[in-house]
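Numbering (this note's numbering), first residue to last: 1 to 305.
Just so you know, even glycine gets a beta-carbon here, dropped at the ideal spot from N, CA and C.
As the structure is a prediction and not an experimental result, all values here were calculated from the model.
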Amino acid sequence: MGAAALALSVVAQSSRAGRRWPTLVGAVPMVAAAAITALVVLVGRFGDGLPRPAAMPTVALFAAAVPLVGVGTILAVRALPRVDRATLTTGAQFANAASTAMILLDPSLLAGLVESRRWRRIGRVRSSRFLPGPGWWALLQADVRRLRRHPSAVLIWATLIGVQYAAALALPGLAGAAQVVFAYLAVDRLTGGLRSVSRSPGLRRALGGSDALLRGIHVVVPAVGGGLWWLLTLPTVDPGPAWLAPALAVGVVLAAFRAGTRPPINYGGATVNTPFGMIPVDLMRQGLRGPALLAVPVLVQLFLG
């Protein structure tokens, strides 16, 4: 399957701009994963009330994968002459951004490139007026409209609900910790506006108002999304004390807020000389801002959930 994915990626790179089939092919594994997750949840919830799928032997999987690899390889060889320098340069930008982000421990270098490509792919949009009201109301509407123009964030948010139900069936002892982690991942997908405002001093000056006000406005959507996600996944865990669920949800939103408002990485911090080499402690501390706070609700859920 890895060889087939590599071959089909070459064919997708050689296709002309405007073709939609590469996007559809890339969405097939996600749709299949969502369908399998939903099937696992339904069978696990309803028990013997639903017909269980027959086990597919390894030989059948191998027989289905080999023709796909052969066809993909043939198409890739034929498509290689159409992979020009411009296509390779586009791929090299992503590779360089990924390697630089890994070396400098700054995921925003890759995320910024992906975000700019996403908005350039959207190109033109049909404008519509905001509802009348004060300035903060217009900014809140703009943040909501951002989700409408970036539907994959909402799709991932919804998919993680099914993943949580499947995780609760597969590992019931770790369902509480999984709920906290998946909630953070779901809320983090809704912090696009918060990240944009926090990482651009020029944008904050253009919008006006204090930094605290702007960040407070753009945390409303992640907070509402996190609360709704938590309510929809409550049946997967033992509720525990009445205060536990609201406290954990607030902790997840705070962790996403800390990650979304993280300032640019400062590489001049302290390092510690250990038997394993020099460890940039301050650099690691900056990179863990947000996810480190997530450890607190995870531990609380493990001990009290």
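Quickly, what does DSSP pair residue i with across the bridge? List them, please.
| i | result |
| --- | --- |
| I279 | V272 |
Could you say which of the options lies nearest to residue i if we only look at CA atoms?
| i | options | result |
| --- | --- | --- |
| A12 | V31, G226, L39 and P81 | P81 |
| D106 | R199, R120 and G225 | R199 |
| S152 | I161, R189, L139 and F182 | R189 |
| R146 | G192, S210, P239 and A247 | G192 |
| A7 | A34, V40 and A79 | A79 |
| R258 | Q286, T233 and P241 | Q286 |
| F62 | A4, L110, P297 and A158 | A4 |
| V272 | L294, N266 and M284 | M284 |
| A158 | F182, G277 and A138 | F182 |
| G227 | G70, P280 and P246 | P246 |
| L109 | P201, Y184, A168 and R195 | R195 |
| L39 | D238, G277, A166 and Y184 | A166 |
| G269 | V281, T73 and V41 | V281 |
| P239 | Q301, A65 and G2 | Q301 |
| H150 | A178, R118 and Q141 | R118 |
| L293 | Y184, A34 and A35 | Y184 |
| P172 | T236, E115, M102 and V296 | T236 |
| N266 | T37, V43, L104 and G2 | L104 |
| G225 | A206, V187 and G277 | V187 |
| G2 | V66, V180 and T89 | V66 |
| A34 | R126, V69, A92 and L155 | L155 |
| T261 | P134, R204 and M278 | R204 |
| E115 | M278, R85, F94 and S127 | F94 |
| S128 | R148, P134 and R120 | R148 |
Considering only the beta carbon of each residue, do residue i and residue j sit closer than 9 angstroms?
| i | j | result |
| --- | --- | --- |
| V250 | H218 | no |
| V253 | P275 | no |
| W230 | L248 | yes |
| A97 | L113 | yes |
| G209 | W137 | no |
| G216 | A255 | no |
| T100 | I161 | no |
| L174 | V41 | no |
| L299 | P241 | no |
| S9 | T87 | no |
| L140 | V220 | yes |
| Q164 | A178 | yes |
| F130 | A111 | no |
| P297 | V180 | yes |
Tell me where the alpha helix (DSSP H) around residue i begins and ends.
| i | result |
| --- | --- |
| S15 | Per DSSP, S15 belongs to no alpha helix (DSSP H) and is neither H nor E. |
| G225 | V220 to T233 |
| I161 | P151 to A170 |
| F257 | L244 to G260 |
| L299 | P291 to L304 |
Check whether the Cβ of residue i sits closer than 8 angstroms to any heavy atom of the ligand NAD, and report yes or no.
| i | result |
| --- | --- |
| R199 | For the ligand NAD, the structure offers nothing, since it holds no ligand at all. |
inquiry  = Suppose only complete runs of 4+ residues qualify. What are the alpha helix (DSSP H) ranges in the region 181–210, listed by chain order?
reply    = 192–198 and 201–207
query = Counting only runs that start and end within the region 59–132, where is the beta strand (DSSP E) found for 3 or more residues in a row?
reply = none
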